[in-house]
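What follows is a single structure, written as structure tokens, with notes after it.
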Amino acid sequence: MVWFSLGLCFVVARLFSRVLGIRPFHSQDVLVSEADPIAESDATHFSKNVSSCPGYLLNFLQESRFGLVAQLSLAGAPCNAFGTDFEDLTIQVTYETDSRLRVRIADSGNKQFTIPESVIARPPPPTTSFTHSSDLVFNYEPSPFSFWITRRSNPDATPLFDTRFSSLPKPPLAPVIPDDNSTALDGFSLVFEDQYLQLTSSLPLDANIYGLGEVIASSGFRRNVASNGGSIQTLWARDIADPIDQNMYGNHPVYVEHRFNETTNEAQSHGVFLFSSSGADILLLTPPGASQSLVQYRMIGGVFDFYFFSGPTPHAVIEQYGALVGLPSWIPSWAFGFHLCRWGYISINETMDQVQAMRAANIPLEVMWNDIDLYHAFRDFTSDPVSFPGDAMRAFIQELASNNQHYIPILDAAVPHPTNATDVYDPYIRGHELDTFVKNPDGSEYIGKVWPGYTVFPDWFADDTQQWWTESLKNWSDEGVEYSGIWLDMNEISSFCQGSCGTGADLSDTSVPFPLPGSPGALVTDYPECYDSSVSGPSGNFTVNGALTCTDSNIQALLKRGEGAGGEQGVSLNAPPYAIHNGIGDLSINTLATNATHAGGFAELDVHNMWGMMEEKATHLALQQLQPGKRPVIIARSTFPSSGKWAGHWLGDNFSKWEYLYYNIQGILQFQIFQIPFVGADTCGFNGNTDEELCNRWMQLSAFVPFYRNHNERGALSQEPYRWDSVANASRTAIATRYTLLPYWTSLFANASLRGTPPVRALWYEFPTEAELFSVDKQFLVGADILVTPVLTPNVSTVEGIFPGRGQVTWRDYYTHKVVDVSSNGTATLSAPLGHINVHIRGGSALLLHANPGYTTTETRGGPFSLLVSLESNEHAFGTAYIDDGVTNPPTESRNLTFSATAGHLAISSNGNFAVEQKLQQITILGVTADPTDVSVSGITAENWQFIPELQKLVIYNLALDLNGAQTVSW
Numbered sequence: 006m007v008w009f010s011l012g013l014c015f016v017v018a019r020l021f022s023r024v025l026g027i028r029p030f031h032s033q034d035v036l037v038s039e040a041d042p043i044a045e046s047d048a049t050h051f052s053k054n055v056s057s058c059p060g061y062l063l064n065f066l067q068e069s070r071f072g073l074v075a076q077l078s079l080a081g082a083p084c085n086a087f088g089t090d091f092e093d094l095t096i097q098v099t100y101e102t103d104s105r106l107r108v109r110i111a112d113s114g115n116k117q118f119t120i121p122e123s124v125i126a127r128p129p130p131p132t133t134s135f136t137h138s139s140d141l142v143f144n145y146e147p148s149p150f151s152f153w154i155t156r157r158s159n160p161d162a163t164p165l166f167d168t169r170f171s172s173l174p175k176p177p178l179a180p181v182i183p184d185d186n187s188t189a190l191d192g193f194s195l196v197f198e199d200q201y202l203q204l205t206s207s208l209p210l211d212a213n214i215y216g217l218g219e220v221i222a223s224s225g226f227r228r229n230v231a232s233n234g235g236s237i238q239t240l241w242a243r244d245i246a247d248p249i250d251q252n253m254y255g256n257h258p259v260y261v262e263h264r265f266n267e268t269t270n271e272a273q274s275h276g277v278f279l280f281s282s283s284g285a286d287i288l289l290l291t292p293p294g295a296s297q298s299l300v301q302y303r304m305i306g307g308v309f310d311f312y313f314f315s316g317p318t319p320h321a322v323i324e325q326y327g328a329l330v331g332l333p334s335w336i337p338s339w340a341f342g343f344h345l346c347r348w349g350y351i352s353i354n355e356t357m358d359q360v361q362a363m364r365a366a367n368i369p370l371e372v373m374w375n376d377i378d379l380y381h382a383f384r385d386f387t388s389d390p391v392s393f394p395g396d397a398m399r400a401f402i403q404e405l406a407s408n409n410q411h412y413i414p415i416l417d418a419a420v421p422h423p424t425n426a427t428d429v430y431d432p433y434i435r436g437h438e439l440d441t442f443v444k445n446p447d448g449s450e451y452i453g454k455v456w457p458g459y460t461v462f463p464d465w466f467a468d469d470t471q472q473w474w475t476e477s478l479k480n481w482s483d484e485g486v487e488y489s490g491i492w493l494d495m496n497e498i499s500s501f502c503q504g505s506c507g508t509g510a511d512l513s514d515t516s517v518p519f520p521l522p523g524s525p526g527a528l529v530t531d532y533p534e535c536y537d538s539s540v541s542g543p544s545g546n547f548t549v550n551g552a553l554t555c556t557d558s559n560i561q562a563l564l565k566r567g568e569g570a571g572g573e574q575g576v577s578l579n580a581p582p583y584a585i586h587n588g589i590g591d592l593s594i595n596t597l598a599t600n601a602t603h604a605g606g607f608a609e610l611d612v613h614n615m616w617g618m619m620e621e622k623a624t625h626l627a628l629q630q631l632q633p634g635k636r637p638v639i640i641a642r643s644t645f646p647s648s649g650k651w652a653g654h655w656l657g658d659n660f661s662k663w664e665y666l667y668y669n670i671q672g673i674l675q676f677q678i679f680q681i682p683f684v685g686a687d688t689c690g691f692n693g694n695t696d697e698e699l700c701n702r703w704m705q706l707s708a709f710v711p712f713y714r715n716h717n718e719r720g721a722l723s724q725e726p727y728r729w730d731s732v733a734n735a736s737r738t739a740i741a742t743r744y745t746l747l748p749y750w751t752s753l754f755a756n757a758s759l760r761g762t763p764p765v766r767a768l769w770y771e772f773p774t775e776a777e778l779f780s781v782d783k784q785f786l787v788g789a790d791i792l793v794t795p796v797l798t799p800n801v802s803t804v805e806g807i808f809p810g811r812g813q814v815t816w817r818d819y820y821t822h823k824v825v826d827v828s829s830n831g832t833a834t835l836s837a838p839l840g841h842i843n844v845h846i847r848g849g850s851a852l853l854l855h856a857n858p859g860y861t862t863t864e865t866r867g868g869p870f871s872l873l874v875s876l877e878s879n880e881h882a883f884g885t886a887y888i889d890d891g892v893t894n895p896p897t898e899s900r901n902l903t904f905s906a907t908a909g910h911l912a913i914s915s916n917g918n919f920a921v922e923q924k925l926q927q928i929t930i931l932g933v934t935a936d937p938t939d940v941s942v943s944g945i946t947a948e949n950w951q952f953i954p955e956l957q958k959l960v961i962y963n964l965a966l967d968l969n970g971a972q973t974v975s976w
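Its first residue numbered 6, the sequence shown is counted upward by one per residue in the working numbering.
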């Protein structure tokens, strides 16, 4: 939880060093010397211009049933642009499935870093040939070598990926992004050097690109390819409070591209994934006057390991990506409840007060959290003996469990180093004994600085780190913190000093280089975003004397913007010659130095982006061992491909501003592509002071996203939903709706865990030929059938929504069941008074619901079901539901229900081995055009039913239908 002011501290320090002409400190050779001889010689050794790079020639090609292998040799004199050129490369092309093609280009000597199978397991090599059945076709030119990917089903269409010179604009080109000289395009040859790799593909002009992250993009969910020249996605994990258009916590070099042919009214999607942990820039550019756009990969290490996914739907692309990197973990049903946290609950008594206050306000609370206030001296795996004593914590957590509630504590990434010989801290002692910490190049422990003072950092490549981590988690629970799940923070990994600053330092100094928020010198005193105290006085209230205090003019604008290197000679670990667009400059600022060393000889430069994912994997495996048979719940900040197998994600340290309410949506949509679907933002905002109206709207929106937690920073105004009457009312309504929809949510996430299908979707996923939807990211779909249209601006009581289908789809209000009156352009102005979020049901859907939402998900699941059927104009509807016990990992027993309605008849089929105890109590059918004269259920005339003609609504109630077998309804 490092906030914006911390980022400013480092920026100011960086600027200060520049003004004084001081060289930023690098930890080469354990911080003995500031000098980096290799870096200092870069200016003369490397040209830093790719215009003379000769590319490669293809030779010695050998085909097989599964693809081909060939050698690539440098086509001329080395250019040594940002490193030393490799003379010989090997390209391997493998048709892995009918829909997945791998193209791997690596140095023939295997000196460059590649991600070990032990870190991310990939599917086994194919045993069936797909070379003639795959819809993806690899094409190439031998001299100079280039390749392009086409569809077998449409070979004459524009290639999906194309590196040929003839498909790219003619270089050299002036900087495409006017204020960034690095976007000059000097050449498009394949460049493969020890510290710099470059490859460029053409794209359709202003292509529809989605993904590449993690990022808060000012352009929205659809990435900026053309405006002002385009944009850059930098891949370097970074601890920073949610910046705009910069690199941040996670790294995901995968995108979905969607193409629509207006002439044929046909649409197809495909995906491209670069399997690399290297720091990188991925440029999405459109040169002035060009007839095409382009994507350029610039990496500072590793190899080119591309995977192409044929789709052809966006769902299929995302599923195909999941089949490669791993499908999301199973989520227990209780994790879909409402979570509450803040940095600033300073004692167990204050934490318990929140649980009691939520109960008194009758606002459902499923999971209580604690931030670093829990710790003794900010130390991992502890609880403060005075403010959070172990026995009291155990009693508190067990009381929560008796009420069907849960508890999650924070676990920071850095482990405290003892301050002296008498300082006994068992997690460090045991980790040191097992040799589990990251090292300096000389083999000594790397010592950084975080909340507890000087710290060491787990090395996930070391043999015994998993054992040590599991032991530490077990001991923590045994000492009273009986967690249900774990919150992993600061795992980019974050360090408050540059380099191994604890080497040779006074370790008893446990201070941090800035005041904590809420402390003198760092008071959180800003008024809510659009409040003007000179006009409305000092209260900060939503209204004063009945008048709104938020004015649009006060809304603030926000800034935009093999062993590998560890075993190679002549490379600069601390200052790679090509400087990627890291938002804070030097790669070692606010994190580990890039020459920090991991077991096996791996340099931090190569593996930095995977640290968080590896911690998530270790934590997941530990919880599986410590809580056998249960689904682990882990929420983490830094992520990488395959993280979804192990953890969910929250969108980091956002701000209590209206703009971030909107950014919520693109973040959630991004992580569906990344196969980390259990995601959400800090509701009401983390940094700064929220206000009643913003928190009201945010509590409503978050009720319709997967992970639902309210969390804010130390020293800011309290923002628990019971603090304002209007927010409490809105929260009760929104959470009741969410709990009613739990069978829908758990079914969507079962599909994610089984097939990789995204639970939350952009509108165009379901309507891929409606071009007006390609940029829509102020609305979203939950599954295929629930359309959410939130209010994202202050001082309004209506909201404009677009309703997909171009008049061919019926949309009904979820609450009133009225059909939406849509204009000719597919939009409608919806009433949206404070406390109401617009939710609509798609015609042709059938949703299994909980009939009686309770205070907890357990109470809710214990009650009866209801069924909501929304007939389309053709009187058809279809839906499915998945039911299991909501806990077992992996599920051993489950049941699949299918609901199919047509012309006065509804059939319910049931298959599986899970026994559903709860009965189906009520069936509501919308779109019944004629007043029924008779209603029967499984052949027996129903006595309890009602027809409401103005809503075309048939309600059959007082049922007790067994969902373990087939049922029918006729009317």
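Built from N, CA and C at the ideal position, the CB exists for glycine as well.
These figures come from a predicted structure and were not determined experimentally.
Buried versus exposed, by CB contacts within 10 Å (16 or more), residue i
i: Arg-227; result: buried
i: Thr-695; result: buried
i: Arg-23; result: Reliability fails at Arg-23, whose pLDDT of 26 lies under 50, so the model's placement of it is uncertain and the value that follows must be treated cautiously. Its Cβ having fewer than 16 others within 10 Å, Arg-23 is exposed.
i: Glu-698; result: buried
i: Thr-973; result: exposed
i: Lys-783; result: buried
i: Asn-252; result: buried
i: Asn-879; result: exposed
i: Phe-65; result: exposed
i: Leu-94; result: buried
i: Arg-817; result: buried
i: Gly-192; result: buried
i: Arg-105; result: buried
i: Ser-113; result: exposed
i: Asp-889; result: buried
i: Leu-853; result: buried
i: Lys-175; result: exposed
7 Å Cβ shell around residue i - same chain, five flanking residues per side excluded
i: Glu-621; result: Leu-493, Ile-639, Ala-641, Ser-648, Trp-651, Ala-652
i: Ser-138; result: Asp-103
i: Glu-1; result: In the structure as shown, the chain begins at 6 and stops at 976. Residue 1 is therefore absent and cannot be evaluated.
i: Ile-182; result: Thr-188, Asn-233, Gly-234, Gly-235
6 Å Cβ shell around residue i - same chain, five flanking residues per side excluded
i: Ser-46; result: Caution is warranted here: a pLDDT of 45 is assigned to Ser-46, below 50, making its placement in the model unreliable, and no coordinate value can be reported.
i: Leu-405; result: Tyr-412
Nearest-angstrom Cβ-Cβ length linking residue i and residue j, presumed shorter than 8 Å
i: Arg-156; j: Leu-141; result: 7 Å
i: Pro-258; j: Leu-217; result: 7 Å
i: Glu-864; j: Ala-362; result: Not a contact, Cβ separation roughly 19 Å.
i: Val-727; j: Ala-733; result: Looking at the sequence shown, residue 727 is not Val but Tyr. About 5 Å separates the two Cβ atoms, so the contact holds.
Same chain only: Cβ atoms within 8 Å of residue i, ignoring 5 sequence neighbours per side
i: Pro-838; result: Ser-802
Contiguous alpha helix (DSSP H) assignments of at least 4 residues, all confined to the region 669-728: 697-707
message: Count Cβ pairs between the region 82-94 and the region 185-202 that sit closer than 8 Å; are there 3 or more?
response: yes
- prompt: Between the region 471-488 and the region 515-525, do three or more beta carbon pairs fall short of 8 Å?
  reply: no
query: How do the region 372-385 and the region 405-412 stand: do at least 3 beta-carbon pairs fall below 8 Å, yes or no?
result: yes
task: Examine the Cβ distances between the region 203-214 and the region 161-181 and report whether three or more of them are shorter than 8 Å.
output: Short answer: they touch.
query: In the region 256-336, which residue ranges form an unbroken beta strand (DSSP E) of at least 3 residues, counting only runs that do not cross its ends?
result: 257-266, 271-279, 285-290, 298-304, 309-314
message: Quick test of the definition: if touching needs 3 or more C-beta pairs under 8 Å, does the region 710-729 touch the region 340-347?
response: Result yes; three or more Cβ-Cβ pairs closer than 8 Å.
task: Determine contact between the region 573-582 and the region 590-609, defined as no fewer than three beta-carbon pairs at a distance below 8 Å.
output: yes
query: Below 8 Å, can you find three or more Cβ-Cβ pairs linking the region 347-360 to the region 751-758?
result: no
message: Quick test of the definition: if touching needs 3 or more C-beta pairs under 8 Å, does the region 388-400 touch the region 759-774?
response: They do not touch, by the three-pair rule.
query: Which full runs of the beta strand (DSSP E) of 3+ residues lie inside the region 893-973, going along the chain?
result: 900-907, 910-917, 925-931, 950-953, 958-961
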